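In our numbering, the protein residues as written are 1 to 674. Read through the structure below, which is laid out as structure tokens, and then see the notes.
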Ligand SMILES: Cc1cc2nc3c(=O)[nH]c(=O)nc-3n(C[C@H](O)[C@H](O)[C@H](O)COP(=O)(O)OP(=O)(O)OC[C@H]3O[C@@H](n4cnc5c(N)ncnc54)[C@H](O)[C@@H]3O)c2cc1C
């Protein structure tokens, strides 16, 4: 059997080692365009020490690599003139050049045929051809692998420096052009990698698009002179680039298979690309051995094994890239919260796991949020919202949908404000709405959005029915709008008589007010006019905390995008809304939902930090650690936990958030300044 590997990076070389080791009868060649000692970039970091799979696959290589590793356990975050240090992490790094040398040496010892200076331009005629030729793979272009290459994150440039950092160091520096940041880490006893990153607008504003390699080096050296303590930056093809996020629908076709960056990339900010590439090599070699060198069966196994693991890492890497893309939105956060947000950005570290790694760090965060020296975790920090004091972040009682009028009910079982009575204890948030085109339905236990035989007339922003079986609504005219507005005002007055603490106006999920916001259900230009009139009218009679439940995106290609939703949230904030209850989709029945653990958290994070308004979030949050992490990081202010099977949406339910916890006494809002 002959295997040709195109590309002599970590993936290709390591596969060659493992194949020759598994079966010395296999002929293995590696075709690499560069010379053996040419490499671009500086050091690569492995973000977890768990390289156990490498040890089991080939102890000699594992030993050679780990013997060379620089190791450290600290992360330093330099922000607003402070250095925040978090301990207990596990990093190791190696010069890329050294890594390749070690792999080449081991290849030679195992009689791999290494052919350098070979630019592969036609596919070799071997039994198996491996595309280990990087993110811009040549092999990949020979078949339809369903490849997508999308730019991810910011502009970045990779330098080296002879300052040896003693921690994984993030630097954030405000400039007149925008925010620049650095990822720096040591990779041997003399050198560190120094990656500079900034949004494209800042890059252009600073004129970096017009500078050559040396000029941009000088720019960065000057900007980060303090952090470099007078040391130099070194270049090695250090050009400003966009990180390419590579995904492939399939990873093999016939005798061709993709490996490492050719198959998938993971944004450099989580330091996983090399590890993923080498784990691919292990999985492919093991599949070939297991399948008795039956290429077809082995490639199926390989893809099945690696696909889900890679998908998880890519999702975390994308979260991390997105964090750095929008990091300037977080610069209102105080240093402890900013640093915690950074550490938890990819979802792989939580409050609970950090409390084990670095209890001092979480203690400092908790006491900053709770307002005294010794404090319980973030969800126990009280919150003041327009005169209403939440004793903690989860124990309020959110009512079911309560209709402002009989015609505004969803089903005959939906309570109207005249019938509804609050829960006997706890802080009550009353959700008020008008069902609009989603009214006059049978109970949801029978089926969602199924109309009653003899319902009542429906109204909406347009004559678009909600679902395939829904009735056609009448378009709400000006007189109808005045009536609806009045019914919301009347309901607010009734809520005041009932002693309710917080009112929540329903602008989500395609109900009446939500139907006005979306281009899918409202052809008018000024889609905010009527919902804002209702907000203003309620604000005039309701002095306490006013929340709005908002579908931040329609999750539909022709509907409101997240950016549109953020603009709507901003307008609501300007009209005196105190809290956004973040929702998504359901504006129309055929949206493209994405439901997963914490599926609304990223939306809440954007609304809260871009609009700078407190938010309430739910979305399959099942543990107290979820709430601690979200609140601690400033991604939301209040959480709804799914601690029991949730009742059907929009059916009467009392109360939805039932964890009753004792509160604290400080008055910290948690949004922004201490
Ligand atoms: C700025 C930056 C920082 C990074 N930092 C880290 C980090 O800290 N930690 C980490 O784990 N990962 C990091 N990565 C990612 C890491 O570099 C890659 O994930 C890893 O190198 C992938 O290995 P590979 O063998 O699949 O591809 P590559 O390393 O890209 O190797 C592909 C090889 O194929 C060769 N080749 C391509 N086309 C041809 C052809 N037609 N003929 C012959 N040869 C060809 C190339 O010359 C190259 O040597 C970083 C990436 C970037 C961009």
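Think of the CB as a built atom: it goes at the ideal place given N, C-alpha and C, for glycine as much as any other residue. Because the structure is a prediction, the values reported are computed rather than measured.
| request: Report the option in 421, 216 and 433 whose CA atom is closest to the CA atom of residue 486. | output: 433
| With 16 other Cβ atoms within 10 Å as the buried cut-off, status of residue 269 | buried
| field | residue 150: first and last residue of the uninterrupted beta strand (DSSP E) it sits in | value | 147-161
| field | Straight-line gap, residue 556 to residue 188 (C-alpha atoms, nearest Å) | value | 49 Å
| query | Under the three-state reduction of DSSP, which class applies to residue 21: helix, strand or coil? | reply | helix
| What do you reckon, are the CB atoms on residue 431 and residue 506 nearer than 8 Å? | yes
| field | residue 31 classed as buried or exposed, judged by whether at least 16 other C-beta atoms fall within 10 angstroms | value | buried
| message | I'd like to confirm the pairing. Which residues does DSSP put opposite residue 82 in its beta bridges? | response | 79
| request: Counting only the same chain and skipping the five closest in sequence on each side, list residues whose C-beta sits under 6 Å from that of residue 253. | output: 143
| Is there at least one Cβ from chain B nearer than 8 Å to residue 180's Cβ? | Any reference to chain B falls outside this structure, which holds one protein chain only.
| query | If you run the structure through DSSP and keep just helix, strand and coil, what is residue 229? | reply | coil
| said: In chain order, what are the residue ranges of uninterrupted beta strand (DSSP E) at least 3 long that sit wholly in the segment 352-407? | reply: 383-385, 388-390 and 397-403
| task | From the DSSP output, in three-state form, read off residue 8 for me. | result | coil
| Under 8 Å, do residue 352 and residue 625 count as touching if we go by C-beta distance? | yes
| request: Please report the residue range of the beta strand (DSSP E) in which residue 182 lies. | output: 178-186
| request: Spell out the partners DSSP gives residue 95 in its beta bridges. | output: 43
| field | Residue ranges of each beta strand (DSSP E) within the segment 233-276, 3 or longer | value | 241-248 and 256-258
| request: Note the first and the last residue of the continuous beta strand (DSSP E) segment covering residue 27. | output: 27-32
| field | residue 429 vs residue 475 beta-carbon contact at 8 Å | value | no
| request: List the endpoints of the continuous beta strand (DSSP E) containing residue 631. | output: No beta strand (DSSP E) contains residue 631, which is instead part of the alpha helix (DSSP H) from 624-632.
| message | Between the alpha carbons of residue 132 and residue 7, how many angstroms are there, rounded? | response | 5 Å
| request: Note down, in chain order, each residue of its chain lying with its Cβ closer than 7 Å to the Cβ of residue 491, except the 5 sequence neighbours on either side. | output: 404, 417 and 432
| Cβ of residue 261 within 7 Å of any heavy atom in ligand 1? | yes
| For residue 483 and residue 419, the rounded distance between their alpha carbons | 20 Å
| said: Tell me whether residue 625, by its Cβ, gets closer than 7 Å to a heavy atom of ligand 1. | reply: no
| query | Comparing alpha-carbon positions, which option in 231, 41 and 504 lies nearest residue 156? | reply | 41
| message | Relative to the C-alpha of residue 550, which candidate in 499, 607 and 544 has its C-alpha closest? | response | 607
| task | Using 7 Å as the cut-off, classify the Cβ of residue 123 as near or not near the heavy atoms of ligand 1, replying yes or no. | result | no
| query | How long is the line joining the alpha carbons of residue 228 and residue 82, rounded to whole angstroms? | reply | 16 Å
| Cα-Cα separation, residue 63 to residue 280 | 19 Å
| query | Over what stretch of residues does the beta strand (DSSP E) that includes residue 70 continue unbroken? | reply | 70-72
| query | Do residue 277 and residue 260 come within 8 Å of each other at the CB atom, strictly closer than that value? | reply | yes
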